[in-house]
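Residue numbers (the UniProt record's numbering): 1 to 275.
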């Protein structure tokens, strides 16, 4: 099954049906819970980094008053991953600020609206409630944040890699290394016929009302196998397969930096190459 590098997802078209697009964004949380399994990624890879960062004293304070850990979600789309990460961190008692960035005005508007609705429901229960001060969405590219000198404890993306050509992928990974002082985790689909058949069957009830099924099948056809992604991964990046039908592209910084501040120190590398 060859990679369909030229296939185009409907929701990426600027003139796509706006109602179907809104429904697609609204269905992302359900689909991502079923297939992307971000809670496991948070538990196994992100939470240890964020917990350590949150115990680090902010400048001029004691250890008892740790700083706020930071996460960047690149290509945040409808915002469900960023909001979920903030919610899990809050339930774990971690002070975490999540920033979601997406250059698409439609995605930004939807995510910002979701954050506002969640904040309104949460009221004043917690300053770290999802959609409150713990989450912010921006229209931006990763390169914009690199130019600002921003740093984050963790940098993540979901289903972004298969959208990119080789030069764009290299640029994203370089930006991620510059932005992440702790860990970068890019999660994507692992292409296979089994994934195509399973997703097609499970999402059949959603056909026609949104782009979930059609674009999901296109995404699977565009995505990388584990070997293909490993062949493109630069030094310092590791590819891990994860059920069901997932690739994780991971970079762990060699030493901690000072996330959220311009020009904070940090180093690339530290993860084992995958041949």
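Heads up, the beta-carbon is just placed ideally off N, CA and C, and yes, glycines get one too.
Q) By Cβ distance, which residues of its chain are closer than 8 angstroms to residue 82, with the 5 residues on each side in sequence left out? A) Once the five neighbours on either side are set aside, the close Cβ partners of residue 82 are 71, 73, 76, 98, 99, 100, 111, 135, 137.
(Q) As a quick exercise: from 218, 174, 204, pick the residue whose alpha carbon is nearest that of residue 236. (A) Ranking the options by Cα distance to residue 236, first place goes to 174.
**Q.** Every unbroken beta strand (DSSP E) inside the segment 156 to 219 [3 residues or more]
**A.** List check, beta strand (DSSP E) in window: 180 to 189.
(Q) Looking at the secondary structure, which residues open and close the beta strand (DSSP E) in which residue 27 lies? (A) DSSP places residue 27 in no beta strand (DSSP E) but in the uninterrupted alpha helix (DSSP H) bounded by 18 to 35.
**Q.** Sequence-distant residues of its chain with Cβ nearer than 7 angstroms to residue 214 (five each side left out)
**A.** Apart from sequence neighbours up to five positions away, the residues of its chain that approach residue 214 with a beta-carbon distance below 7 angstroms are 10, ordered along the chain.
Q: Name the residue from 38, 27, 33, 194 whose alpha carbon lies nearest to the alpha carbon of residue 157.
A: For the residues 38, 27, 33, 194, the minimum Cα distance to residue 157 belongs to 38.
Q.
Please determine whether the Cβ atom of residue 223 lies at a distance below 7 angstroms from any heavy atom of the ligand FMN.
A. With respect to the ligand FMN, the structure shown offers nothing to examine, as it has no ligands at all.
Q: For residue 55, I'd like the list of residues in its chain whose CB is within less than 6 angstroms of its CB, leaving aside the five on either flank, ordered along the chain.
A: Leaving aside the five residues that flank residue 55 on each side, the residues in its chain whose CB is nearer than 6 angstroms to its CB run, in chain order, 66.
**Q.** Spatial distance of residue 102 from residue 141 (CA atoms)
**A.** Cα-Cα distance, rounded: 6 angstroms.
Q: Could you spell out the range, first to last residue, of the beta strand (DSSP E) harbouring residue 100?
A: Counting along the chain, the beta strand (DSSP E) containing residue 100 begins and ends at 96 to 101.
Q. Residues in its own chain within less than 7 angstroms of residue 29 by CB, not counting five upstream and five downstream?
A. The beta carbon of residue 29 is closer than 7 angstroms to those of 80 in its chain, skipping five residues each way along the sequence.
Q. Can you tell me whether DSSP reads residue 66 as helix, strand or coil?
A. It is a strand residue.
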